[in-house]
Structures are given as structure tokens and as C-alpha cells.
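Accompanying notes for the structure given below.
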Amino acid sequence: MSRNHPLSSQPAVQEADLLDYAEILYGDATIPSLPINQAREIAQAAETKKTITVYERASQLELLSRLESAYALTSPMPQDVLGRFGLVQKRCDMPNNTFRDVLIYRAGYHMTRLDRLFIEKLRESAKRVLPE
17 MSRNHPLSSQ PAVQEADLLD YAEILYGDAT IPSLPINQAR EIAQAAETKK
67 TITVYERASQ LELLSRLESA YALTSPMPQD VLGRFGLVQK RCDMPNNTFR
117 DVLIYRAGYH MTRLDRLFIE KLRESAKRVL PE
């Protein structure tokens, strides 16, 4: 959210705190394997919210910096990116929601030394970005 957002001074926000504000969504949120009835439920719930959908990350960041009453639920971002766009990052408690990053690879694949190094560097980067 913008550093000028009404909730920006709070150390953390609750899901209910965001209801009055527009959410800027990145347009990659579809889950192809989701059963149609669950997809329909999610779509109906989303219709009741104020949303703006973008298909490019820089557009999302630019809108967040210009719309002081908007927010986005995203992966943690490096501080230099937040600073460049005048944004702040807040922890948001969302009961019953779990977000998880996964690495998918072929069954039986044996990781190379370079693969393991990549994963190690990824974890180090995540520790620097994720607020504890």
C-alpha cells in the first residue's frame, strides 16, 4: 500500500480493515485444476469486492503508488522496490488462508549442485525480505 494509505501507520492490518479499500489484483490468480463449483464460489466472493486487475507487475506498483486508498496482497518485496514506489509492506492476518511458494520438478529428478545453490540463495533472499 502507499505510504499515504489510511492504514499505513498500523503495524499490521486485519482482513476486515481492507473491506473499504480497492484491491489491485495481479491477473494470474486462476487455478486451472480447481473444480468448477469452487471456482464459481471464489468468483462470486470477488464480485462483492472493489478490485482493479492488472496483468503486469510494474502497473500494479504504479497504481499502488498513485491510489492512496488501494492495496495489494503480494509476495514480500525488497525494501528498495518499496521505497522507489513510495510503498509500505504490512502483515495482514487472514484466517483460513495459506499461501505457499512451491518448486515443482520431475519425479526422480536429482538436484545438481547448482540447483541446490539456487534454492539456498532463494531461502536467504526470502529471509531478508520476510518480516519476522
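Numbering follows our numbering, with no gaps: position 89 of the sequence shown is 105. Where a beta carbon is used, it is the ideal one built from N, C-alpha and C, also for glycine.
Which residue or residues does DSSP assign as beta-bridge partners of residue i?
| i | result |
| --- | --- |
| Leu35 | Leu35 is not bridged to any residue. |
| Arg107 | Ala28 |
| Ala123 | According to DSSP, which records beta bridges pairwise, Ala123 is partnered with nothing at all. |
With burial defined as no fewer than 16 other Cβ atoms inside 10 Å of the residue's Cβ, what is the status of residue i: buried or exposed?
| i | result |
| --- | --- |
| Leu77 | buried |
| Leu130 | exposed |
| Leu119 | exposed |
For residue i, which of the options has the nearest alpha-carbon?
| i | options | result |
| --- | --- | --- |
| Cys215 | Pro51, Ile52 and Tyr87 | Absent from the structure is residue 215, since the part of the chain shown begins at 17 and ends at 148. |
| Lys66 | Asn113, Leu35 and Tyr125 | Leu35 |
| Gln30 | Pro94, Asp117, Tyr121 and Asn113 | Asn113 |
| Met110 | Ala32, Thr128 and Ala123 | Ala32 |
| Arg73 | Leu98, Tyr121, Lys143 and Asp117 | Leu98 |
Are residue i and residue j closer than 7 Å when you measure CB to CB?
| i | j | result |
| --- | --- | --- |
| Glu84 | Ser25 | no |
| Ala28 | Ile68 | no |
| Ser81 | Phe101 | yes |
Please confirm if residue i has its CB atom under 7 Å from at least one CB of chain C.
| i | result |
| --- | --- |
| Ile40 | You won't find chain C in this structure, because it holds only one protein chain. |
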